[in-house]
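Taking it in order: structure first as structure tokens, then the write-up.
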Amino acid sequence: MDEAKSVRGVDGDYLSPWHPTGKGQKMPVEPGVSTTLDIDLTEVDAMIKTGHRLRVVISAASLPRYIPSIPELWASRHGQSVVLDPDQPSYLVAPVVIGARAGAA
Numbered sequence: 001m002d003e004a005k006s007v008r009g010v011d012g013d014y015l016s017p018w019h020p021t022g023k024g025q026k027m028p029v030e031p032g033v034s035t036t037l038d039i040d041l042t043e044v045d046a047m048i049k050t051g052h053r054l055r056v057v058i059s060a061a062s063l064p065r066y067i068p069s070i071p072e073l074w075a076s077r078h079g080q081s082v083v084l085d086p087d088q089p090s091y092l093v094a095p096v097v098i099g100a101r102a103g104a105a
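For the record, in the sequence shown the residue sitting at position 100 is 100 according to full-length UniProt numbering, with numbers rising by one throughout.
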């Protein structure tokens, strides 16, 4: 994580984490051991009506944003899993602007 290029909210949570990319930036993880990851997402905005929900889709790839080479694709063919455990909760930080209007600057 590059702290100089990342943006944090007043509570210290990442609003826009910035990850250096490239082969030298891979983080080793141990199979079967839960690992906390701060993942940057391409910023989007939307007006969500009261009662509507957001759906989070977790995938091992981000196509076409990052297209791995064939050797990288072959090396990363192992499965990933998401822990669903109240003792190790997952969370999504989604900044909310109350009362915002579409197109407002």
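Glycine included, each C-beta is placed from N, C-alpha and C at the ideal position.
Query: Residue closest to G32, alpha-carbon to alpha-carbon, out of S81, V93, L92 and A94; Result: S81
Query: Contacting residues, own chain, Cβ-Cβ under 6 Å from V83 (five flanking each side not counted); Result: S34
Query: Neighbour flag for L92 against chain B, beta carbons, 8 Å; Result: Of the chains in the structure shown, none is chain B; there is only one protein chain.
Query: Distance, V7 Cα to D45 Cα; Result: 17 Å
Query: Beta-carbon separation (whole angstroms), V57 vs L92, contact threshold 8 Å; Result: Actually they are not in contact, since the Cβ atoms of V57 and L92 sit about 12 Å apart, beyond 8 Å.
Query: Beta-carbon gap between L15 and P95 smaller than 8 Å; Result: yes
Query: Residue(s) in a DSSP beta bridge with V7; Result: S16
Query: Three-way DSSP call (helix, strand, coil) for E30 in this model; Result: coil
Query: Option nearest D2 by Cα separation, candidates W18, Q88, G9 and D85; Result: W18
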